[in-house]
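Asker:
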Amino acid sequence: MLLESGNKLAQIKLKVLFILNTLNLPITNMELTRFILENNYMDYFTLQEVVLELKKDGFMDSGHTEGKESYMITTVGREAVEMFNDRIPMRFKLEITDKLKTLQKEVKRNKDLFAHYYQRKDKDFTVIIQALQESITIFNLSLNVPTEKLAKEIVAKWKKSPDKIYSEIINILMRS
């Protein structure tokens with residue numbers, strides 16, 4: 008690694024682990040990267056290298072959510088955060104705890120609102136949109152559409168304003 012000091016590297020790794028530990032939800036690489044870069048905690052290349060090392064050393068694990076790689080802290084990672092908690096600056100911990108409230112809502116919302124599409128054998132596309140509440144599906148809609156462009160538009164609209172779309176559909180269904 009191109010970092011000048013082992014202590015600095017250890018503190019950067021602890022900060023990433025602290026973020027994952029505090030978030031306590033699987034987070035995609037894109038969400039983690041955006042959060043860290045927007046808050047100027049480190050640069051992109053350092054983050055990606057640290058993530059690889061933390062995964063390799065067993066402090067964090069990865070899986071796939073909606074086809075995207077997502078990260079979560081392991082038991083070993085949690086133990087490291089507890090053991091070296093005093094090496095993480097208090098200002099950073101307070102700032103992260105506060106900022107992660109917003110990120111937690113966003114990550115949870117992305118996990119609870121799901122949309123994707125696939126091509127069927129007849130060359131049409133099926134779009135599936137779902138809303139989950141506490142891991143229970145409360146809304147599930149499948150639509151067959153003739154083009155991939157239309158499928159992408161529906162997925163994008165659902166991801167942009169799912170609350171509005173959901174409530175409009177429910178209102179239409181509840182009319183007498």
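Going by this note's numbering, the sequence shown opens with residue 8, and the numbers climb by one from there.
We put the CB at the ideal spot given by N, CA and C, even for glycine.
Quantities reported herein were computed from a predicted structural model and do not represent experimental measurements.
#1: At 3 residues or longer, what runs of the beta strand (DSSP E) sit wholly inside the region 32 to 92?
#2: Return helix, strand or coil for serine 168, following the three-state DSSP convention.
#3: Output the distance between the C-alpha atoms of lysine 159 and leucine 107, rounded to the nearest integer angstrom.
#4: By how many angstroms is the C-alpha of aspartate 129 removed from the C-alpha of serine 149?
#5: Is isoleucine 145 helix, strand or coil by DSSP?
#6: Below 8 Å on the Cβ atoms is my contact criterion, and I expect threonine 133 with asparagine 151 to pass it. Report the Cβ-Cβ distance as a whole number of Å.
#7: According to DSSP, simplified to helix, strand and coil, what is threonine 154?
#8: Would the region 18 to 27 count as touching the region 87 to 94 if we require 3 or more Cβ pairs under 8 Å?
#9: Under 8 Å between the Cβ atoms of leucine 184 and glycine 84?
#10: If you count every other CB in all the chains shown that lies within 10 Å of the CB of proline 153, and 16 or more means buried, which is it?
#11: Excluding the 5 residues flanking isoleucine 185 on each side, which residues of the same chain have their C-beta closer than 6 Å to its C-beta?
#12: Taking lysine 15 as part of the alpha helix (DSSP H), name the residues at either end of that continuous run.
#13: So for isoleucine 95, helix, strand or coil by DSSP?
#14: So methionine 79 and proline 33 are in contact, right, with Cβ under 8 Å, and what is the actual spacing, rounded?
#15: Let me make sure I understand the geometry here. Which of Phe25, Met181, Met37 has the alpha-carbon closest to that of arginine 98?
#16: Taking the straight line between their C-alpha atoms, what separation do you get for alanine 17 and arginine 41?
Answerer: Let me lay it out:
#1: 67 to 72, 75 to 80
#2: coil
#3: 30 Å
#4: 16 Å
#5: strand
#6: 6 Å
#7: coil
#8: yes
#9: Summary: the structure shown does not reach residue 184, with the chain confined to residues 8 through 183, and so no result is reported for it.
#10: exposed
#11: Limits of the chain in this structure are 8 at one end and 183 at the other, which puts residue 185 out of reach.
#12: 13 to 30
#13: coil
#14: 5 Å
#15: Phe25
#16: 21 Å
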